[in-house]
Amino acid sequence: MKNNLTDYKWALVTGASSGIGEEFAYQLSKRGMNLVLVGRDKGRLDEVASRVSQLGVEAVPVAEDLTKGLDEVIRVISERKIDIDLLINNAGIGIYGDFIEKDISKPHEMIEINVKVLTDLAYIFSKKMVERGKGGIINVSSIAGLFPVPYYAVYGATKAYVYSFSLALWAELRDKNVHVLCLAPGKTKTRHSERAGSNVGGKKMEPAEVVRITLKSFERGDPFVLPGPMNKIFSFIGGIFPDKLVVRVIGSFPQYF
Numbered sequence: 000m001k002n003n004l005t006d007y008k009w010a011l012v013t014g015a016s017s018g019i020g021e022e023f024a025y026q027l028s029k030r031g032m033n034l035v036l037v038g039r040d041k042g043r044l045d046e047v048a049s050r051v052s053q054l055g056v057e058a059v060p061v062a063e064d065l066t067k068g069l070d071e072v073i074r075v076i077s078e079r080k081i082d083i084d085l086l087i088n089n090a091g092i093g094i095y096g097d098f099i100e101k102d103i104s105k106p107h108e109m110i111e112i113n114v115k116v117l118t119d120l121a122y123i124f125s126k127k128m129v130e131r132g133k134g135g136i137i138n139v140s141s142i143a144g145l146f147p148v149p150y151y152a153v154y155g156a157t158k159a160y161v162y163s164f165s166l167a168l169w170a171e172l173r174d175k176n177v178h179v180l181c182l183a184p185g186k187t188k189t190r191h192s193e194r195a196g197s198n199v200g201g202k203k204m205e206p207a208e209v210v211r212i213t214l215k216s217f218e219r220g221d222p223f224v225l226p227g228p229m230n231k232i233f234s235f236i237g238g239i240f241p242d243k244l245v246v247r248v249i250g251s252f253p254q255y256f
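Be aware that the sequence shown starts at 0, since it is given in numbering that gives the first Met the number 0, and climbs by one per residue.
Written as structure tokens, this is what we have:
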């Protein structure tokens, strides 16, 4: 199924204040799409909204922590009578390090935002899209969700959920004119990679390139996209070698995740 993004009027972008989310906002606005932008950093979010508004689209910034403020996001959209045609489920967090050395609240926080919030948003808006007979969802997973990655144990597990959930949802909704795409970026120049503690070398992709590839993939109707040659190499390794060997090899290259 081919998808024409110019048919969509409004997009909801989570994690829109920086990195991949910010770049989605910019590239979608260049295609004439109005935006609801969600992020925790109000100052950065307002800057992104101002930037994309200069391209002639409407931008509605909603500064909320989605683990606590999801209802507020839904309220703003409902009060403005906005129909979301495209959901960019990008908000997420990741922490690098030994699982047993972290306070258990950190894994809980990752599961809440990476799994529960993403699922809630997909549920709410996919139902509305099906009712209107059109729409799209891009769920952001990670290359770390394609195989076990030591020191990203919980983060990788949450992103494995996103991968499996997204492809299953793609199959369920494809005949209802709602397209679902799973994006699995590798090392990308984002504030997330710095906060996660993995900023230790290895070439990073630019968010602009990741998003450009992703939107092309979405328009082609692909269910999954893995940008970047190095990421494809790791995926290939993960698919052909025994799990025990894969975990050892992948664990030797934390800089790529």
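Even glycine gets a Cβ: it sits at the ideal position worked out from N, Cα and C.
Under a three-way DSSP split, which group does VAL56 fall into? By 1-based counting over the sequence shown, the position of residue 56 is 57. It is coil, neither helix nor strand.
Span separating the alpha-carbon of ILE137 from that of VAL148: Here residue 137 refers to the residue found at position 138 when the sequence shown is read from its first residue. Here residue 148 refers to the residue found at position 149 when the sequence shown is read from its first residue. Looking at the two C-alpha atoms, the distance is approximately 23 Å.
Contacting residues, own chain, Cβ-Cβ under 7 Å from TYR154 (five flanking each side not counted): Looking up residue 154 in the sequence shown gives position 155. GLY93, ILE94, MET109 and ALA143, listed in sequence order.
How would you label TYR151, buried or exposed, when you count the other beta carbons within 10 angstroms and need 16 or more for buried? Locating residue 151 in the sequence shown gives position 152, counting from the first residue. With 16 or more Cβ atoms within 10 Å of its Cβ, TYR151 is classed as buried.
Out of curiosity, what's the CA-to-CA distance linking TRP169 and LEU180? Along the sequence shown, read from residue 1 onward, the residue named residue 169 stands at position 170. Along the sequence shown, read from residue 1 onward, the residue named residue 180 stands at position 181. Straight-line Cα distance between these residues: approximately 7 Å.
Which parts of the stretch 107-181 are runs of the alpha helix (DSSP H), unbroken and 4 residues or longer, counting only runs that do not cross its ends? 117-131 and 152-172
Apart from the five residues just before and just after GLY31, which ones in its own chain have a Cβ nearer than 8 Å to its Cβ? In the sequence shown, counting from the first residue as 1, residue 31 sits at position 32. Closer than 8 Å at the Cβ level, and outside the excluded window around GLY31, lie THR5, GLY55 and VAL56.
When DSSP labels each residue in this structure, what does LEU214 get in the three-state scheme? The residue you call residue 214 lines up with position 215 of the sequence shown. Looking at LEU214 - three-state DSSP - the assignment turns out to be helix.
Would GLY220 pass as a contact of LYS8 if the rule is Cβ separation under 8 Å? As a first step, residue 220 must be located in the sequence shown, where it is residue number 221. As a first step, residue 8 must be located in the sequence shown, where it is residue number 9. Cβ distance not < 8 Å, so GLY220 and LYS8 don't count as in contact.
C-alpha distance - LEU11 paired with GLU130, whole-angstrom precision: Your numbering for residue 11 matches position 12 in the sequence shown. Your numbering for residue 130 matches position 131 in the sequence shown. Between LEU11 and GLU130, the C-alpha separation is close to 18 Å.
Identify, in the order they occur along the chain, each residue of the same chain with its Cβ nearer than 7 Å to the Cβ of ALA195, setting aside the five sequence neighbours on each side. Within the sequence shown, residue 195 is the residue found at index 196, counting from 1. Bear in mind that a pLDDT of 49 at ALA195, under 50, signals an unreliable position, so the model cannot answer this.
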